[in-house]
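The sequence shown maps to residues 1 to 125 in UniProt numbering. C-beta: ideal position from N, C-alpha, C; glycine also. A quick write-up on the structure given underneath.
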Amino acid sequence: MTGARTREWGELERELLRLLRGQEELVSARQLQELFSGPVPAYTTLMTALTRLERKGQVLRIEQSPRKVRFSVPRPDGKDAGASMISTLDQAEDRKAALLAFAGNLDAQDIALLRSVFPDTGRPR
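Structural data, given as structure tokens:
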């Protein structure tokens with residue numbers, strides 16, 4: 001018998017990244033468990049998610065000894081946020097609706113920036 005799902009797909013990874021970004025120093029999986037405000041994932045579940053994030057290049061794993069493993073995130077230069085947005089779009093049931101919802105929350109400066117980097121396609125707006 002399987003347990004009931006406590007999180008949506010990708011929610012644990014997003015939460016781990018959020019928690020790691022809030023840390024000034026390297027943290028262990030046990031320390032991360034203590035930072036959860038909702039249901040606390042099992043240690044093995046955390047390690048699996050952290051390993052997957054490491055493979056994606058979103059988490060740094062530092063082994064200080066075989067039993068002392070710490071984690072951190074690479075300090076963002078914009079690529080992390082972009083990858084997160086693409087991942088969210090990929091998971092959306094209706095990609096167009098998700099993209100339009102995101103675009104609807106942009107301010108005028110963000111819209112001007114996007115328009116400046118895309119060439120005019122000549123299509124009506």
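message = Distance check for E63 and T88, CA to CA, integer angstroms please.
response = Against the sequence shown, residue 88 aligns to sequence position 88. Against the sequence shown, residue 63 aligns to sequence position 63. Take the alpha-carbon of T88 and the one of E63: they are about 30 Å apart.
ask   = Q58: which of L16, S37, L114, A108 sits nearest, CA to CA?
value = The count along the sequence shown starts at 1 and reaches residue 58 at position 58. Closest by alpha carbon: L16.
inquiry  = Do E13 and A42 have their beta-carbon atoms positioned less than 7 Å apart in this structure?
reply    = Here the question's residue 42 lines up with position 42 in the sequence shown. Here the question's residue 13 lines up with position 13 in the sequence shown. Against a cut-off of 7 Å, the Cβ pair of E13 and A42 comes out as no contact.
query = Going by DSSP, what residues sit across from I62 in a beta bridge?
reply = Numbered from 1 along the sequence shown, position 62 holds the residue referred to as residue 62. Beta-bridge pairing links I62 to R70.
inquiry  = Can you tell me whether L113 is buried or exposed? The criterion is at least 16 other CB atoms within 10 Å of its CB, across all chains shown.
reply    = The residue given as residue 113 occupies position 113 in the sequence shown. It is exposed - the Cβ of L113 has fewer than 16 other Cβ atoms within 10 Å.
Spatial neighbours of Q23 in its chain, beta-carbon cut-off 6 Å, leaving aside the 5 residues before and after = Here residue 23 refers to the residue found at position 23 of the sequence shown. Excluding residues within five positions, none has a Cβ falling inside 6 Å.
query = For F71, does the count of other Cβ atoms within 10 angstroms reach 16, so buried, or fall short, so exposed?
reply = Locating residue 71 in the sequence shown gives position 71, where the first residue counts as 1. Its Cβ being crowded by 16 or more others within 10 Å, F71 is buried.
query = Under the three-state reduction of DSSP, which class applies to V40: helix, strand or coil?
reply = Residue mapping note: residue 40 aligns to position 40 of the sequence shown, counting from 1. Correct three-state label for V40: coil.
query = Using a Cβ-Cβ cut-off of 7 Å (strictly less than) and excluding sequence neighbours within five positions of Q91, which residues of its own chain qualify?
reply = For the purposes of this step, residue 91 is identified with residue 91 of the sequence shown, where counting begins at 1. Spatial neighbours of Q91 in its own chain (CB-CB distance under 7 Å, excluding positions within 5 residues in sequence) are listed in chain order as W9, G10.
ask   = Does the Cβ-Cβ distance between Q21 and V73 come in under 7 Å?
value = Position 21 of the sequence shown, counted from the start, is the residue given in the question as residue 21. Position 73 of the sequence shown, counted from the start, is the residue given in the question as residue 73. Just to set this straight, residue 21 is Arg in the shown sequence, not Gln. Contact flag set, yes.
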